[in-house]
Amino acid sequence: MVSETNPESQTGMQRALKRSSSFFRSLLTKERRLTLARIMALFVVVGLSIFIFTIRDQAEDLAIYGYPGIFVISFMAYATVLLPAPGVAVVFTMGSIFNPLGVALAAGTGAALGELSGYLAGFSGQAVVERVEMYERLTRWMKKNGSLTVFILAAIPNPFFDLAGVAAGSLKMPVLRFFLFCWMGEIIKMGIFAFAGASTLDKLF
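With this note's numbering, the residue at position 127 of the sequence shown is 238, and numbering never jumps.
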(Lines of atoms letter the chains of each structure in order from A; the text may use other names.)
(Lines give C-alpha, C1' and ligand atoms only; values in the text may rest on other atoms or scores of the structure.)
Protein backbone atom coordinates (compact mmCIF):
# COMPACT_ATOMS: atom_id res chain seq x y z
CA MET A 112 0.00 0.00 0.00
CA VAL A 113 1.49 3.31 -1.08
CA SER A 114 0.75 6.37 1.04
CA GLU A 115 0.12 9.61 -0.78
CA THR A 116 1.29 12.98 0.50
CA ASN A 117 -1.41 15.57 0.94
CA PRO A 118 -0.67 18.46 -1.49
CA GLU A 119 -1.93 21.00 1.00
CA SER A 120 0.33 19.57 3.72
CA GLN A 121 3.31 19.63 1.34
CA THR A 122 2.61 23.26 0.43
CA GLY A 123 2.36 24.16 4.12
CA MET A 124 5.72 22.54 4.82
CA GLN A 125 7.32 24.44 1.96
CA ARG A 126 5.97 27.72 3.29
CA ALA A 127 7.28 26.89 6.77
CA LEU A 128 10.70 26.06 5.36
CA LYS A 129 10.78 29.32 3.41
CA ARG A 130 9.82 31.30 6.51
CA SER A 131 12.54 29.54 8.52
CA SER A 132 15.09 30.20 5.80
CA SER A 133 14.14 33.88 5.66
CA PHE A 134 14.36 34.12 9.44
CA PHE A 135 17.87 32.68 9.59
CA ARG A 136 19.01 34.86 6.70
CA SER A 137 17.78 37.92 8.59
CA LEU A 138 19.84 36.82 11.60
CA LEU A 139 22.96 36.70 9.46
CA THR A 140 22.82 40.24 8.09
CA LYS A 141 26.00 42.25 8.38
CA GLU A 142 24.57 44.53 11.06
CA ARG A 143 23.39 41.66 13.21
CA ARG A 144 26.72 39.83 12.89
CA LEU A 145 28.52 42.98 13.96
CA THR A 146 26.21 43.43 16.93
CA LEU A 147 26.71 39.81 17.97
CA ALA A 148 30.48 40.16 17.66
CA ARG A 149 30.39 43.29 19.84
CA ILE A 150 28.36 41.54 22.52
CA MET A 151 30.75 38.59 22.55
CA ALA A 152 33.75 40.92 22.75
CA LEU A 153 32.19 42.74 25.69
CA PHE A 154 31.65 39.47 27.56
CA VAL A 155 35.26 38.47 26.90
CA VAL A 156 36.59 41.77 28.27
CA VAL A 157 34.40 41.68 31.38
CA GLY A 158 35.12 38.02 32.07
CA LEU A 159 38.85 38.48 31.61
CA SER A 160 38.91 41.50 33.91
CA ILE A 161 37.01 39.66 36.66
CA PHE A 162 39.25 36.61 36.37
CA ILE A 163 42.47 38.61 36.55
CA PHE A 164 41.21 40.68 39.47
CA THR A 165 40.48 37.53 41.46
CA ILE A 166 44.01 36.15 41.05
CA ARG A 167 45.93 39.44 41.33
CA ASP A 168 47.64 38.38 44.59
CA GLN A 169 49.29 35.40 42.89
CA ALA A 170 50.51 37.32 39.83
CA GLU A 171 54.06 38.14 40.90
CA ASP A 172 54.66 34.62 42.21
CA LEU A 173 54.50 33.36 38.63
CA ALA A 174 57.94 34.83 37.94
CA ILE A 175 59.53 31.75 39.50
CA TYR A 176 58.33 29.77 36.47
CA GLY A 177 60.73 31.56 34.14
CA TYR A 178 59.67 32.66 30.68
CA PRO A 179 56.12 31.24 30.90
CA GLY A 180 55.66 33.06 34.21
CA ILE A 181 56.95 36.31 32.70
CA PHE A 182 54.55 35.85 29.78
CA VAL A 183 51.56 35.34 32.09
CA ILE A 184 52.45 38.29 34.34
CA SER A 185 52.84 40.57 31.35
CA PHE A 186 49.59 39.37 29.84
CA MET A 187 47.66 40.00 33.05
CA ALA A 188 49.30 43.37 33.65
CA TYR A 189 48.26 44.66 30.23
CA ALA A 190 44.90 42.91 29.89
CA THR A 191 43.03 45.02 32.41
CA VAL A 192 43.32 48.25 34.35
CA LEU A 193 41.99 46.51 37.47
CA LEU A 194 45.37 44.96 38.21
CA PRO A 195 48.27 47.21 39.23
CA ALA A 196 50.79 46.66 36.47
CA PRO A 197 53.86 44.79 37.76
CA GLY A 198 54.86 43.87 34.22
CA VAL A 199 57.66 46.36 33.54
CA ALA A 200 59.15 45.94 37.02
CA VAL A 201 59.20 42.16 36.58
CA VAL A 202 60.82 42.51 33.15
CA PHE A 203 63.49 44.81 34.58
CA THR A 204 64.27 42.33 37.38
CA MET A 205 64.06 39.16 35.30
CA GLY A 206 66.41 40.67 32.74
CA SER A 207 69.26 40.15 35.19
CA ILE A 208 68.29 36.52 35.87
CA PHE A 209 67.35 35.16 32.44
CA ASN A 210 68.45 35.97 28.91
CA PRO A 211 67.22 39.57 28.34
CA LEU A 212 66.19 38.77 24.77
CA GLY A 213 64.08 35.83 25.94
CA VAL A 214 62.53 38.00 28.64
CA ALA A 215 61.68 40.67 26.06
CA LEU A 216 60.05 38.13 23.74
CA ALA A 217 58.01 36.50 26.51
CA ALA A 218 56.92 39.78 28.08
CA GLY A 219 56.30 41.53 24.76
CA THR A 220 54.12 38.71 23.47
CA GLY A 221 52.13 38.58 26.69
CA ALA A 222 51.68 42.36 26.68
CA ALA A 223 50.52 42.42 23.06
CA LEU A 224 47.94 39.72 23.73
CA GLY A 225 46.82 41.55 26.85
CA GLU A 226 46.34 44.78 24.93
CA LEU A 227 43.70 43.03 22.83
CA SER A 228 41.30 43.67 25.72
CA GLY A 229 41.31 47.38 24.90
CA TYR A 230 40.85 46.60 21.23
CA LEU A 231 37.88 44.35 22.00
CA ALA A 232 36.36 46.99 24.27
CA GLY A 233 36.54 49.50 21.42
CA PHE A 234 35.21 46.98 18.93
CA SER A 235 32.27 46.16 21.18
CA GLY A 236 31.36 49.84 21.38
CA GLN A 237 31.03 49.61 25.16
CA ALA A 238 34.30 51.25 26.21
CA VAL A 239 34.03 54.13 28.67
CA VAL A 240 36.49 56.86 27.69
CA GLU A 241 37.42 59.41 30.35
CA ARG A 242 40.14 61.35 28.52
CA VAL A 243 37.91 62.42 25.67
CA GLU A 244 40.28 65.02 24.23
CA MET A 245 43.24 62.59 24.08
CA TYR A 246 41.00 59.85 22.70
CA GLU A 247 39.82 62.11 19.88
CA ARG A 248 43.42 63.05 19.10
CA LEU A 249 44.47 59.39 19.02
CA THR A 250 41.51 58.60 16.79
CA ARG A 251 42.68 61.22 14.30
CA TRP A 252 46.18 59.72 14.35
CA MET A 253 44.75 56.24 13.88
CA LYS A 254 42.77 57.38 10.85
CA LYS A 255 45.90 58.87 9.27
CA ASN A 256 48.29 56.00 9.99
CA GLY A 257 46.91 53.44 12.42
CA SER A 258 49.74 50.93 12.12
CA LEU A 259 52.47 53.49 12.86
CA THR A 260 50.47 54.97 15.73
CA VAL A 261 50.03 51.56 17.36
CA PHE A 262 53.71 50.71 16.91
CA ILE A 263 55.04 53.98 18.38
CA LEU A 264 52.67 54.01 21.34
CA ALA A 265 53.47 50.38 22.12
CA ALA A 266 57.22 50.97 21.93
CA ILE A 267 57.29 54.04 24.17
CA PRO A 268 56.15 53.80 27.83
CA ASN A 269 53.05 55.99 28.13
CA PRO A 270 49.61 55.95 29.77
CA PHE A 271 47.67 56.31 26.53
CA PHE A 272 47.99 52.95 24.81
CA ASP A 273 44.72 51.64 26.25
CA LEU A 274 42.98 54.54 24.53
CA ALA A 275 44.81 53.72 21.31
CA GLY A 276 43.58 50.14 21.53
CA VAL A 277 40.02 51.32 22.07
CA ALA A 278 40.34 53.67 19.09
CA ALA A 279 41.73 50.87 16.91
CA GLY A 280 38.85 48.62 17.85
CA SER A 281 36.20 51.27 17.28
CA LEU A 282 37.68 52.08 13.87
CA LYS A 283 37.63 48.35 13.03
CA MET A 284 41.36 48.08 12.33
CA PRO A 285 42.02 44.42 11.37
CA VAL A 286 42.86 42.62 14.59
CA LEU A 287 45.90 40.84 13.15
CA ARG A 288 47.39 44.15 12.01
CA PHE A 289 46.76 45.70 15.41
CA PHE A 290 48.37 42.74 17.17
CA LEU A 291 51.39 42.64 14.84
CA PHE A 292 52.36 46.29 15.24
CA CYS A 293 51.55 46.23 18.93
CA TRP A 294 53.72 43.11 19.34
CA MET A 295 56.69 44.70 17.55
CA GLY A 296 56.43 47.82 19.69
CA GLU A 297 56.09 45.85 22.92
CA ILE A 298 59.13 43.71 22.08
CA ILE A 299 61.22 46.87 21.70
CA LYS A 300 59.92 48.38 24.93
CA MET A 301 60.35 45.20 26.95
CA GLY A 302 63.78 44.69 25.44
CA ILE A 303 64.90 48.10 26.69
CA PHE A 304 63.74 47.30 30.23
CA ALA A 305 65.16 43.76 30.18
CA PHE A 306 68.61 44.81 28.96
CA ALA A 307 68.58 47.80 31.31
CA GLY A 308 67.80 45.49 34.20
CA ALA A 309 70.53 43.07 33.18
CA SER A 310 73.10 45.86 33.00
CA THR A 311 72.06 47.76 36.12
CA LEU A 312 71.39 44.92 38.54
CA ASP A 313 74.49 43.00 37.47
CA LYS A 314 76.62 46.00 38.39
CA LEU A 315 74.86 46.51 41.73
CA PHE A 316 74.95 42.88 42.82
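Quick reminder that beta carbons are idealized off the backbone N, C-alpha and C, glycines included.
If G221 sits next to V277, beta carbons under 8 Å apart, how far is it from one beta carbon to the other, in whole angstroms? The Cβ separation is near 20 Å, so there is no contact.
Tell me which residues share the same chain as I263 and place their Cβ nearer than 8 Å to its Cβ, disregarding the 5 neighbours each side in the sequence. G296
Pair within 8 Å by beta-carbon distance, P268 and K300: yes
Can you check which of these residues, F186, R248 and E226, is closest to F289 by C-alpha distance? Closest by alpha carbon: E226.
Ends of the alpha helix (DSSP H) at L347? An answer regarding residue 347 cannot be provided, because it is not within the stretch 112 to 316 covered by the chain.
Looking only at C-alpha atoms, which of G257, R251 and F304 sits nearest to G198? F304
Taking the alpha helix (DSSP H) that L264 falls in, what are its first and last residues? V243 to A266
Check the C-beta distance from G302 over to D273 and give it rounded, since I have them as a contact under 8 Å. G302 to D273, Cβ: 21 Å. No contact.
For W294 and G213, I'd like the C-alpha separation in whole angstroms. 14 Å
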